[in-house]
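First to last, the sequence lines map onto chains A and B.
Each number in this note's numbering corresponds to the 1-based position in the first sequence with 1197 added.
Each number in this note's numbering corresponds to the 1-based position in the second sequence with 314 added.
Quick notes on the structure that follows.
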Amino acid sequence: MPTGTLQIRAISAHPGPVPGRGVTREEEVCKYIDVTTCIGCKACEVACVEWNGMPFQETTFDNTYQTMPSTAWNYWNLIKFNEHQRDDGTLMWLMRKDNCLHCEDPGCLRACPADGAIVQYSNGIVDFQQENCIGCEYCVSGCPFNIPRFNSETKKVYKCTLCSDRVGQGLEPACIKACPTGCLKFGTKADLRAVADARAQQLREQSGFANAGVYDPPSVGGTHVIYVLHDATKPELYGGLPANPMIPPTYTLWKRVARPVGLLLALLAAPVAFYHYVMEGPKEPQP
Amino acid sequence: MSSAVERFDNQARRRVGEYGRTVVRDNELLRHPVYTRVLHWTVAIFFILSLVSGLAVYSPWLYRPFSGLFGGGAMTRFLHPWFGLGFVLVFVLQFLNWLEPMTWQAPDRQWLRRIKAYVRNEEPVEPEYVDFFNAGQKLYFWAIVVCAIVFIVTGIPMWFPDTFGRITVYISVVLHDIAALVMLGGFIIHVYEGTASQPGTFRSMTRGTVERRWAWTHHPAWYRRATGRDPRADYEQARQRTGRPSTDPNRPST
């Protein structure tokens, strides 16, 4: 991306400072989801399916307002509905837009054994490259948010791209464009984190949600999709958001350290055998 | 061992034996019948295919070179479980075939206690109690049994991750890796022992026969059972006949 490279640094015979000098544009993007103002209209679901040209399919009705029980390989964005009973006995809707969180430290990318099947752009978007995917589904077990979905026909894994094709052209993701309430916003990570913090503070101080907060879990280095929750101490209520998402050690310490060390130890048998022959010689049949 | 297994093995050995032959010349003993040899090499082929295709997804450094051998990553991922299944299924036959000679016996502990002397080639011939397989071979066999169980138990969840869930998968990956590393190390030692380290051994798995002197050197108790003769006496006799000096450092050389 040539962005920034053509920014003017010096201008001949120009009185005063160079316009724009010292301004650094933050590259990292963020999707902001305020679940407290989501009305569950599912416009984002439709926009996602339309923009990404996904084939329509029959859904499973399980007596809820949810379009289907879980996201699918061709359905990356699903509002999860939970009718939650508060301590005082009253009910409230918890509606959360379930999609890839685009972790700063993505478990899927760490788990993936195929060269080039998952990439992370400098703006933070984590994208699957299906032409390099081998269909092993390690990413599924590496993701703490249960996001990647396998298509058993193509043998490839799919998930939300954060509309990397749109973002690359300076457009916001399709779901953002469709949202009628403004509960979805798109911008830089720093800006939207500040907006989210302010909104959470507002909820705590003015709306009586003492535990309101921002979901931006540090255990995966933060995410490029952040939530404002009424009760940030119980993220599980929102369709199973993990309180402390962890990348399995299989794909961190084991893959990075134990595997190479173990392989070298096993291969040590070869030089041991060779030098045994050199130093001790063969066992000949006697005499 | 149950008699049903014995009957199955005997029948298999006879049936498969009809399709091949083992020529036993003078001064030779039949070591491995056709059935055993076919099983051994089929297991070996599936093992090597599983190993190489598995290494492709083991490390990013190995992905390009090894997946290329099988027509790319997707094909490697498709083939590896089938190679592994082939390995395990054929090894089940080998397990039944070898269960009896591989059963752990009292003298095997004794053999392990003197493993240092074995590794350092300190004794020209093996102790008289060493039967068809020595304790080292038995250990390798039982390591394969354990690893094959680990491979199949952990491999199936990795083959069908949607059915078993992500936690089962990432635990399985670690156990599968450990079993593979044990197998790789054991395999290298096995190839060395079967070829360069012990001349006259490799032919037991190709032509099926060994020289008599090989048998009294490495497996005296088996020599005694197979020939009805005394391995030590035959060894001493042969030694005097050839007039070769003893390689035993404890004996004065003539």
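Glycine is no exception: its CB is placed at the ideal position from the N, C-alpha and C atoms.
If you're wondering where the values come from, they're calculated on a predicted model, not measured in any experiment.
Three-state secondary structure (DSSP) at residue i?
i	result
residue 1261 (chain A)	coil
residue 418 (chain B)	coil
residue 1324 (chain A)	strand
residue 391 (chain B)	helix
residue 1384 (chain A)	strand
residue 1269 (chain A)	strand
residue 491 (chain B)	helix
residue 1329 (chain A)	helix
residue 1389 (chain A)	helix
residue 1399 (chain A)	helix
residue 338 (chain B)	coil
residue 1279 (chain A)	strand
residue 1441 (chain A)	coil
residue 1572 (chain A)	In the structure as shown, chain A starts at 1198 and stops at 1484, and residue 1572 (chain A) therefore has no counterpart that could be examined.
residue 1317 (chain A)	strand
residue 1348 (chain A)	strand
residue 1153 (chain A)	Outside the displayed span of chain A (1198 to 1484) sits residue 1153 (chain A), for which this structure offers no information.
residue 523 (chain B)	strand
residue 330 (chain B)	helix
residue 1217 (chain A)	coil
residue 1208 (chain A)	coil
residue 1374 (chain A)	helix
residue 1227 (chain A)	strand
residue 1434 (chain A)	helix
residue 308 (chain B)	With chain B running from 315 to 568 in the structure shown, residue 308 (chain B) is simply not present.
residue 1294 (chain A)	strand
residue 458 (chain B)	helix
residue 509 (chain B)	coil
residue 350 (chain B)	helix
residue 1300 (chain A)	strand
residue 1364 (chain A)	helix
Does the Cβ of residue i have 16 or more other Cβ atoms within 10 Å, making it buried, or fewer, making it exposed?
i	result
residue 1476 (chain A)	exposed
residue 1199 (chain A)	Residue placement at residue 1199 (chain A) is poorly supported in this model, since its pLDDT is 48, which falls under 50; the coordinates still yield a value, given next. The residue in question, residue 1199 (chain A), is exposed, as its Cβ has fewer than 16 Cβ neighbours within 10 Å.
residue 1307 (chain A)	buried
residue 1211 (chain A)	exposed
residue 632 (chain B)	Since the first and last residues shown for chain B are 315 and 568, residue 632 (chain B) lies out of range.
residue 568 (chain B)	The predicted position of residue 568 (chain B) is uncertain, since its pLDDT is 45 and thus under 50; a value taken from the coordinates is nonetheless stated next. The residue in question, residue 568 (chain B), is exposed, as its Cβ has fewer than 16 Cβ neighbours within 10 Å.
residue 408 (chain B)	buried
residue 1216 (chain A)	exposed
residue 1349 (chain A)	exposed
residue 1393 (chain A)	buried
residue 1370 (chain A)	buried
residue 274 (chain B)	A question about residue 274 (chain B) goes unanswered here, because the residues of chain B that appear run from 315 up to 568.
residue 333 (chain B)	exposed
residue 566 (chain B)	Caution applies to residue 566 (chain B), whose pLDDT of 49 falls short of 50 and renders its modelled position unreliable; the value that the coordinates give is listed next. It is exposed - the Cβ of residue 566 (chain B) has fewer than 16 other Cβ atoms within 10 Å.
residue 1461 (chain A)	exposed
Quick one: Cα of residue i to Cα of residue j, how far?
i	j	result
residue 526 (chain B)	residue 474 (chain B)	51 angstroms
residue 511 (chain B)	residue 1472 (chain A)	11 angstroms
residue 394 (chain B)	residue 360 (chain B)	10 angstroms
residue 1353 (chain A)	residue 1336 (chain A)	11 angstroms
residue 1346 (chain A)	residue 1311 (chain A)	17 angstroms
residue 1360 (chain A)	residue 1246 (chain A)	11 angstroms
residue 1294 (chain A)	residue 1330 (chain A)	26 angstroms
residue 422 (chain B)	residue 1480 (chain A)	20 angstroms
residue 377 (chain B)	residue 420 (chain B)	46 angstroms
residue 1204 (chain A)	residue 1218 (chain A)	9 angstroms
residue 398 (chain B)	residue 363 (chain B)	8 angstroms
residue 331 (chain B)	residue 541 (chain B)	22 angstroms
residue 476 (chain B)	residue 1223 (chain A)	39 angstroms
residue 365 (chain B)	residue 556 (chain B)	45 angstroms
residue 1433 (chain A)	residue 1326 (chain A)	30 angstroms
residue 411 (chain B)	residue 317 (chain B)	12 angstroms
residue 1412 (chain A)	residue 1420 (chain A)	9 angstroms
residue 1258 (chain A)	residue 1271 (chain A)	17 angstroms
Roughly how far, in whole angstroms, is the beta-carbon of residue i from the beta-carbon of residue j, given that I think they are within contact range, below 8 angstroms?
i	j	result
residue 346 (chain B)	residue 472 (chain B)	Rounded, the Cβ-Cβ distance is 34 angstroms, inconsistent with contact.
residue 1298 (chain A)	residue 1435 (chain A)	Not really, about 12 angstroms apart at Cβ, beyond 8 angstroms.
residue 413 (chain B)	residue 449 (chain B)	Not confirmed; about 16 angstroms, so no contact.
residue 338 (chain B)	residue 344 (chain B)	5 angstroms
residue 439 (chain B)	residue 530 (chain B)	7 angstroms
residue 1333 (chain A)	residue 1244 (chain A)	Not really, about 31 angstroms apart at Cβ, beyond 8 angstroms.
residue 1379 (chain A)	residue 1234 (chain A)	7 angstroms
residue 1341 (chain A)	residue 1439 (chain A)	6 angstroms
residue 444 (chain B)	residue 534 (chain B)	6 angstroms
Inter-stretch contact at 8 angstroms, needing at least 3 Cβ pairs: the segment 1427-1445 of chain A / the segment 1373-1385 of chain A | no
Looking at C-beta atoms only, is the number of pairs between the segment 487-497 of chain B and the segment 402-413 of chain B that lie closer than 8 angstroms three or more?
-> Fewer than three pairs of CB atoms, one per stretch, sit closer than 8 angstroms, so the segment 487-497 of chain B makes no contact with the segment 402-413 of chain B.
Counting pairs of Cβ atoms below 8 angstroms between the segment 1389-1405 of chain A and the segment 1224-1231 of chain A, do you hit three or more?
-> yes
Are at least three pairs of beta-carbons, each pair with one atom in the segment 1256-1270 of chain A and one in the segment 1312-1325 of chain A, less than 8 angstroms apart?
-> no
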